[in-house]
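In order, the protein sequence lines correspond to chains A and B. As numbered in the UniProt record's numbering, residues 1 to 967 make up the first sequence, in order. As numbered in the UniProt record's numbering, residues 1 to 161 make up the second sequence, in order. All residues carry an ideal CB built from backbone N, CA and C; glycine is no exception. Please read these numbers as outputs of a predicted model, since none were measured by experiment.
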Amino acid sequence: MEQLKTIGRELAMGSQGGGWTGQSKEFLDLVKSIGEARSKAEEDRIILREIESLRRRIAEPDVPRRRMKEYIIRLVYAEMLGHDASFGYIHAVKMTHDDSLSLKRTGYLAVTLFLSDDHDLIILIVNTIQKDLRSDNYLIVCAALVAACKLINEETIPAVLPQVVDLLAHPKEAVRKKAVMALHRFYQRSPASVSHLISNFRKRLCDNDPGVMGATLCPLFDLITADVNSYKDLVISFVSILKQVTERRLPKVYDYHQMPAPFIQIKLLKILALLGSGDKQASGHIYNVLGDLFRKCESSSNIGNAVLYECICCVSSIHPNAKLLDAAAESTSKFLKSDSHNLKYMGIDALGRLIKINPDIAEEHQLAVIDCLEDPDDTLKRKTFELLYKMTKSTNVEVIVDRMIDYMISINDNHYKTEIASRCVELAEQFAPSNQWFIQTMNKVFAHAGDLVNVRVAHNLMRLIAEGFGEDDEGADSQLRSSAVNSYLRILGEPKLPSLFLQVICWVLGEYGISDGKYSASYIIGKLCDVTEAHLCNDTVKAYAISAIMKICAFEIAAGRKVEMLPECQSLIDELSASHSTDLQQRAYELQASLCLDSQTVEIVMPLDASCEDIEVDRNLSFLNSFVQQSIEKGARPYIPESERSSMFSVSNYKSHYQHEASSHTLRFEAYELPKPAPTPATPQISVSTRITDLVPVPEMTYYTENNQASKLPPVSDASSADHGIKLHLDGVQKKWGRPTYSSSSSTSSSSEKKINGVTHLDGVSLQSRGTSYDSKGQQSEVSAEKQKLAASLFGASAGKTEKKPTSTQRAPKANTATAERPGVTGAVSPEISKQKAASSPSPDLLDLGEPITATTTTIDPFEQLEGLIGPTPGTSTLDNSVTTSEQKAPDLMALYTDTPPSSSSSIGSASGDIHSADKNLQMAKNVPAIKKGPNPQDSLQKDATARHVGVTPTGNNPNLFRDLLG
Amino acid sequence: MINFVLLISRQGKVRLTKWYSPYSQKERSKVIRELSGLILARGPKLCNFVEWRGYKVVYRRYASLYFCMCINADDNELEILEIIHHFVEILDRYFGSVCELDLIFNFHKAYYILDEILIAGELQESSKKTVARLIAAQDSLVEAAKEQASSVSNMIAQVTK
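Given below as structure tokens:
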């Protein structure tokens with residue numbers, strides 16, 4: 001046996017012609033050893049070794065070109081398996097320069113696989129591509145065009161564009177086609193670069209060759225997507241092309257499974273859907289051919305269904321036509337009734353499109369939709385959720401959202417979890433029937449997908465709780481709040497909660513924890529302290545918690561009650577005052593400071609339930625005017641705005657420069673150079689003030705000292721100003737702008753600050769502004785117009801049920817379905833919601849989701865009739881046959897091949913029966929009798945023999961390798 | 001638009017990859033790992049589509065080889081399924097009853113064929129005959145060049161001997 005193998009190898013080395021023996025023995029061995037590798041780690045080891053040897057050998061001088069070609073192919077192989085072969089890129093680039101087509105083609109193939117369009121080496125290839133585009137040999141031109149599609153980037157487009165445009169008139173249709181595709185790619189890369197060439201696409205649409213015409217549809221589709229109106233004149237042309245295609249006017253070679261050029265049909269239908277959308281006149285031209293298509297398309301083949309599906313998409317996109325809609329609905333129901341999962345999936349998708357036009361269509365398919373929802377296939381399930389999402393209205397929102405949440409909890413796929421969570425939130429906000437339900441739903445979403453949902457969802461929720469449902473019903477609002485507080489206090493008992501959810505909880509407890517008098521302040525504060533300890537929470541949550549504690553304390557003080565400081569709260573404050581996060585530190589100090597204030601001040605600092613108040617930002621800081629005035633009277637210099645100051649800077653610079661010269665040997669306390677003027681007006685002053693602080697005692701960053709500092713600073717800086725003229729102007733400034741920490745707070749200070757003026761209340765001011773700005777930060781920045789609408793829609797839904805107006809363009813279609821809802825359904829359905837589970841009525845409404853309707857799904861062998869439509873799904877009966885027959889034929893072989901993968905009987909059958917055995921994919925062959933001649937035993941035997949020669953014997957590892965892909 | 005084409009064996013081995021959208025080498029490995037986990041685990045009667053990261057992946061199994069194509073959310077899945085089949089039929093015609101081993105050893109030829117069918121992620125030619133003719137033309141030219149080269153090198157070898 002060993003001998004035979006070696007003989008085989010020698011043979012393989014000798015014969016370069018047949019089979020796969022184009023490559024050297026080494027390469028074949030490599031591929032073989034990869035094939036036999038049992039683990040990814042082993043595979044990686046082999047490839048790494050190979051890369052090492054290639055790295056060495058490829059750099060050798062005078063590598064023969066043929067050998068080099070193989071090295072390049074081996075590099076491609078290594079890259080394909082996920083390893084880095086970048087050391088060889090340059091050799092691939094060199095190979096594209098070669099004169100021989102074979103080598104050039106290999107070079108181009110390698111560079112298109114290796115390089116992305118922003119790679120540095122691209123610049124070395126552009127020249128070659130330019131040259132090859134001018135070649136006499138059309139095959140070289142083709143290779144260059146394929147490479148251009150992949151490699152030419154925005155900057156290099158101009159270098160090849162003229163040549164590619166010239167090639168649009170090339171005598172060979174293959175070149176014209178590729179030139180069109182290249183221009184399409186250029187358009188995608190940089191629409192502006194080819195905008196003047198659009199007429200060329202129109203011209204190519206009339207090309208004699210159907211292949212070129214078909215290729216032209218790709219760029220036209222993109223162009224029309226971008227700008228529909230400029231192409232309305234083409235509607236008639238497209239319709240007539242589609243008509244000709246369906247009438248089989250195209251050459252026979254474009255037929256695919258007895259369908260005339262289906263891929264071109266699909267592309268045309270996509271374009272017509274765009275052109276007819278919202279255009280009654282254009283749609284009028286399309287109706288006729290669409291009707292024909294619905295009649296002609298046979299739904300027995302997969303490709304026929306693909307075209308039918310595209311027709312449905314087109315019908316749902318263009319101006320509605322009753323007759324066509326009926327035909328589309330009929331096809332959709334065929335899809336949904338089919339046993340093929342693929343067709344069901346397409347049916348659900350089609351239904352989602354059609355209900356936008358006519359919501360009643362969904363009516364008759366409720367059972368099918370529910371079946372799909374219950375289906376174990378995740379893909380189908382998700383598609384159905386998408387449909388339900390489109391169908392949601394206030395009458396069914398509870399059922400649908402509950403379903404969605406259940407599903408969300410059951411999956412691990414974070415990407416989809418995020419999506420479905422945001423959909424739940426969206427629906428809940430839009431259609432929530434009651435506050436209670438809404439809060440509960442949001443709790444569930446946050447608890448299970450809290451870290452995945454968008455931050456703005458949390459802010460929305462907080463805002464909603466703060467603002468209530470929009471009506472002037474204070475009772476309902478406070479009920480909502482107290483139910484939120486109750487549920488949050490309950491939830492806090494759970495061991496692990498997402499950070500975003502904790503933030504919401506802290507905020508709500510802080511604002512409304514004690515507002516209904518049910519819970520004592522110390523109870524809530526205790527809970528909030530627990531939050532910071534029990535959960536591994538981050539700084540943000542801690543910040544929310546401590547601010548909430550501060551609010552509660554402030555409310556208590558304002559109400560005239562005494563706040564007793566819990567020990568855990570005190571220790572929390574102590575801990576946070578020493579925190580590394582300055583934000584937390586500041587909040588802790590603020591809390592401590594607010595505890596010492598009297599009730600009147602506190603009430604101004606922390607007004608009760610004022611989170612919805614607007615905060616007016618007084619950018620001119622007019623409330624400080626009297627203070628400034630006072631200082632000026634005392635002899636301080638007036639503030640000089642930055643714009644007028646610049647000239648002085650340079651003068652003083654010059655001066656100080658001189659002084660530096662003089663004292664260059666002593667220590668310098670000056671800042672080295674002027675900071676760049678920052679965009680905010682506050683910064684330059686601050687940075688200038690740091691110049692003084694070199695000579696002045698450095699102000700500490702705590703509040704308590706501020707009063708002293710503020711009064712102390714001016715004289716000191718006056719003293720120092722004797723040396724440096726520049727500082728003279730800063731007295732007033734210093735006081736006015738404060739130190740860096742406060743600049744931000746003072747810029748957001750509220751109008752109420754006006755009441756407190758002067759230095760003495762400075763920390764009160766900053767404190768208040770910090771506190772309020774913190775709460776309002778979320779809202780202020782988040783309260784965008786869109787969200788306000790969103791909330792409005794939620795309120796509308798809760799109060800007026802279905803009488804909801806479309807609140808934004810984005811939600812318009814859904815709102816339409818809600819308003820268009822038939823009144824009958826509402827009546828029949830609402831009682832069912834309450835007794836959903838116990839529903840014994842046979843009404844097949846969508847809301848009966850709780851009811852198990854499985855009778856319809858229990859078809860025993862649904863795939864029998866669809867056999868042959870979908871390749872990989874085997875009809876069980878045929879499979880069994882193949883196994884038994886092959887067992888009879890070759891029972892001894894069975895023992896040899898132990899099947900590794902759990903693909904079970906199917907692969908065993910093929911292994912033993914070798915290539916001749918009835919393959920599980922036999923249906924495929926049945927499906928295409930005209931094209932396929934079926935398995936060719938001779939061919940396969942020959943291949944098997946060559947394989948053994950090369951030494952690649954199927955060592956029981958994977959006999960499947962020899963199975964024909966098409967049975 | 002097709003974002004990438006993957007050929008994965010039943011055991012999760014990569015047989016061919018073609019990326020029409022930019023993915024770094026690291027992302028590619030991740031994509032392959034994720035998708036092979038997702039697709040190979042699916043039962044036979046389920047949909048041939050998988051929703052993945054906001055895209056859709058259409059796959060079809062032939063013998064022990066999975067052909068996967070990743071498309072945008074608004075593309076027609078059934079059409080892609082047929083494009084895969086179109087590709088396989090052309091491979092079959094070219095190799096003569098194509099089997100996985102053909103693709104393993106001649107992956108570069110499979111790339112050439114794929115380049116004639118798809119370009120920049122779009123179907124460029126839907127006629128099997130046209131593709132076959134073009135591939136044959138390229139092959140014959142390559143062969144001719146090869147023969148010429150080898151005869152020349154033979155002569156040189158003889159002369160320099």
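Terminal residues of the alpha helix (DSSP H) in which residue i lies
i, result
"L388 of chain A", "378-391"
"V401 of chain A", "397-410"
"V453 of chain A", "Premise fails: V453 of chain A is in no alpha helix (DSSP H) and is neither H nor E."
"G214 of chain A", "210-226"
"G347 of chain A", "341-354"
"N435 of chain A", "435-449"
"F238 of chain A", "235-246"
"N229 of chain A", "Segment: none, N229 of chain A is in no alpha helix (DSSP H) and carries neither H nor E."
"R204 of chain A", "198-204"
"H415 of chain A", "414-431"
Residue i: first and last residue of the uninterrupted beta strand (DSSP E) it sits in
i, result
"K18 of chain B", "14-19"
"L595 of chain A", "Counting along the chain, L595 of chain A falls outside any beta strand (DSSP E), though it belongs to the alpha helix (DSSP H) covering 582-595."
"S9 of chain B", "2-9"
8 Å Cβ cutoff, residue i in contact with chain D
i, result
"Y111 of chain B", "No chain D appears in the structure shown, which is made up of the protein chains A and B."
Per-residue burial, residue i [other beta carbons within 10 Å of its own, 16 or more giving buried]
i, result
"S300 of chain A", "exposed"
"D598 of chain A", "exposed"
"T411 of chain A", "First, the amino acid is wrong: residue 411 of chain A is Ile here, not Thr. Result: exposed."
"E298 of chain A", "exposed"
"F4 of chain B", "buried"
"L48 of chain A", "exposed"
"T128 of chain A", "buried"
"K562 of chain A", "exposed"
"N302 of chain A", "buried"
"E429 of chain A", "buried"
"A141 of chain A", "For the sequence presented, residue 141 of chain A should be read as Val rather than Ala. V141 of chain A is buried by the Cβ-count criterion."
"F67 of chain B", "buried"
"K18 of chain B", "buried"
"H415 of chain A", "exposed"
"P262 of chain A", "buried"
"G35 of chain A", "buried"
Residue i - partner residues in DSSP beta bridges
i, result
"R60 of chain B", "B:F67"
"S97 of chain B", "Partner(s): none; S97 of chain B has no beta bridge."
"D255 of chain A", "A:P260"
"Y55 of chain B", "B:W52"
"S277 of chain A", "A:I318"
"E122 of chain B", "B:I119"
"D964 of chain A", "B:C99"
Inside the segment 50-112 of chain A only - beta strand (DSSP E) runs reaching at least 3 residues: List check, beta strand (DSSP E) in window: nothing returned.
Alpha helix (DSSP H) segments (min. 4 residues) lying fully within the segment 118-185 of chain A: Along the segment 118-185 of chain A, the alpha helix (DSSP H) occurs as fully enclosed runs of 4 or more residues at 122-133, 138-151, 157-167, listed in sequence order.
Within the segment 460-530 of chain A, ranges of the beta strand (DSSP E) (whole runs, at least 3 residues): Listed in chain order, nothing qualifies, since the segment 460-530 of chain A has no complete beta strand (DSSP E) run of 3 or more residues.
Interface residues of the segment 85-111 of chain B facing chain A [CB-CB below 9 Å]: Listed in sequence order: H85, H86, V88, E89, L91, D92, R93, F95, G96, S97, V98, C99, E100, L101, D102, L103, I104, F105, N106, F107, H108, K109, Y111.
Under 8 Å (Cβ pairs) to chain A, residues found in the segment 118-138 of chain B: The residues in question are I119, A120, E122, L123, Q124, E125, S126, S127, K128, K129, T130, L134, A137, Q138.
Contacting positions in the segment 412-435 of chain A - beta carbon closer than 9 Å to chain B: Taking 9 Å as the Cβ-Cβ cut-off against chain B, the residues of the segment 412-435 of chain A that qualify are D413, H415, Y416, E419.
Under 9 Å (Cβ pairs) to chain B, residues found in the segment 164-187 of chain A: Residues of the segment 164-187 of chain A with a C-beta less than 9 Å from any C-beta of chain B: E173, A174, K177, K178, V180, M181, A182, H184, R185, listed in chain order.
Contact set between the segment 64-87 of chain B and chain A, restricted to residues whose Cβ is under 8 Å from the partner: When CB distances to chain A are screened at a threshold of 8 Å, the residues of the segment 64-87 of chain B falling below it are S64, L65, N76, E77, L78, E79, L81, E82, I83, H85, H86, in chain order.
Selection of the segment 292-323 of chain A by Cβ proximity to chain B, strictly under 7 Å: Answer set for the segment 292-323 of chain A: N302, I303, N305, A306, Y309, E310.
Residues within the segment 39-50 of chain B neighbouring chain A, beta-carbon criterion of under 7 Å: Cβ contacts with chain A: P44, K45, L46, C47, N48, F49, V50.
Residues of the segment 256-268 of chain A whose Cβ lies closer than 9 Å to any Cβ of chain B, in chain order: If the cut-off is 9 Å between Cβ atoms, the segment 256-268 of chain A has Y256, H257, A261, P262, F263, I264, I266, K267 near chain B.
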